[in-house]
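Worksheet for the structure shown next.
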Amino acid sequence: MIKAAQINVSTKMHNAEALPMIEHGSEVMLTITTPVGATFSCRTKFLAKHSNHRILLELPEVNRIQFQVYFQEGFWLHLHVVSTQGEGYAIQFRSQIESVLKQPVPMMVVTIPQMMDVSTLRKELRFDVKLSATLCVDDKLVACQVKNISKSGCQFVLSSLGLDIESGKKVSLQVRTNSQRNYSLPLLSGYVRNKQTVGTHTAYGVEFALEDAHNVRSLLSNLVDRYKHALLGYSKKEWSGVEHHAQVTAMDVDAQHSQL
Numbered sequence: 001m002i003k004a005a006q007i008n009v010s011t012k013m014h015n016a017e018a019l020p021m022i023e024h025g026s027e028v029m030l031t032i033t034t035p036v037g038a039t040f041s042c043r044t045k046f047l048a049k050h051s052n053h054r055i056l057l058e059l060p061e062v063n064r065i066q067f068q069v070y071f072q073e074g075f076w077l078h079l080h081v082v083s084t085q086g087e088g089y090a091i092q093f094r095s096q097i098e099s100v101l102k103q104p105v106p107m108m109v110v111t112i113p114q115m116m117d118v119s120t121l122r123k124e125l126r127f128d129v130k131l132s133a134t135l136c137v138d139d140k141l142v143a144c145q146v147k148n149i150s151k152s153g154c155q156f157v158l159s160s161l162g163l164d165i166e167s168g169k170k171v172s173l174q175v176r177t178n179s180q181r182n183y184s185l186p187l188l189s190g191y192v193r194n195k196q197t198v199g200t201h202t203a204y205g206v207e208f209a210l211e212d213a214h215n216v217r218s219l220l221s222n223l224v225d226r227y228k229h230a231l232l233g234y235s236k237k238e239w240s241g242v243e244h245h246a247q248v249t250a251m252d253v254d255a256q257h258s259q260l
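Using the UniProt record's numbering, the first residue of the sequence shown is number 1, and each one after it goes up by one.
Below, the structure is given as structure tokens:
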């Protein structure tokens with residue numbers, strides 16, 4: 001079912017709403033600040049939420065001096081993590097190191113603030129979808145799943161054990177419906193702009209090529225038509241917003257297409 005994200009571009013969100021958006025294994029960028037103002041930045045992995053007051057992080061691979069100087073109980077740190085759910089969100093918050101464990105499993109225990117800063121990665125509305133597709137890259141065909149789509153891009157997911165696609169690589173996607181007719185939707189092409197590995201899967205963000213503007217319009221229109229009945233579960237106001245976005249998207253894409 002298509003779902004239109006209804007979050008503002010940037011907002012404050014309670015941890016009970018923000019934390020479920022972070023998937024286990026997500027990459028976390030953290031910056032630790034010592035009492036004298038020295039800072040240290042590194043990357044690690046989000047392991048889990050423990051009760052309503054603690055987060056478990058994988059202990060980063062650092063040298064002995066960095067560990068002794070910066071990874072101390074009571075030090076404050078700033079965390080930044082990208083959620084691949086929906087239209088993609090950047091979640092940021094300030095926390096404090098509560099405990100550092102080296103055995104039996106290296107991990108950090110940090111506090112959870114009541115509120116977190118959540119912002120969208122793109123200002124335009126995306127539709128959450130689950131569409132099977134065939135990815136074509138370097139003359140190779142691989143099955144994948146499109147997770148969300150907008151007028152200028154989409155996100156698809158592949159197994160991390162398969163292809164490793166570099167940023168900037170041109171790819172094509174042949175999206176298919178789950179109908180018995182196996183109806184093929186318009187072919188889409190674009191360039192990989194970002195990727196994030198979560199567990200055994202990698203999510204790739206694609207920016208559509210301008211020459212595919214007409215195909216994007218056809219795909220969005222087709223999706224809205226096919227899922228309109230399912231979307232009737234929305235309130236009248238919400239559905240009007242989705243339908244209006246589809247119309248505006250079509251006009252925007254047409255305008256871009258006319259300039260080609």
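Glycine included, C-beta positions come from ideal geometry on N, C-alpha and C.
- Between SER172 and the set LEU135, THR197, ASP164, TYR204, the nearest pair of CA atoms involves LEU135.
- Between the segment 136-152 and the segment 105-120, the count of Cβ pairs shorter than 8 Å is below three; the stretches do not touch.
- Around ALA48, the same chain offers HIS24, LEU56 as residues with beta carbons nearer than 7 Å, after the five sequence neighbours per side are excluded.
- In this structure, LEU121 lies near GLY88, with their beta-carbon atoms less than 7 Å apart.
- In the displayed model, ALA203 falls within a strand according to three-state DSSP.
- Measuring C-alpha to C-alpha distances from ARG176 to each of PRO186, LYS169, GLY168 identifies PRO186 as the nearest.
- At a Cβ-Cβ threshold of 7 Å, LEU59 and PRO20 do not count as neighbours.
- Fewer than three pairs of CB atoms, one per stretch, sit closer than 8 Å, so the segment 34-45 makes no contact with the segment 10-18.
- DSSP places GLN174 inside the beta strand (DSSP E), whose first and last residues are 170-175.
- Counting only runs that start and end inside the segment 76-129, there is no alpha helix (DSSP H) element of at least 4 residues.
- Here TYR191 is bridged, per DSSP, to LYS170, GLU207.
- A check of alpha carbon separations from LEU161 across GLY153, GLU61, THR202 identifies THR202 as the nearest.
- When DSSP states are grouped into helix, strand and coil, ALA48 belongs to the strand group.
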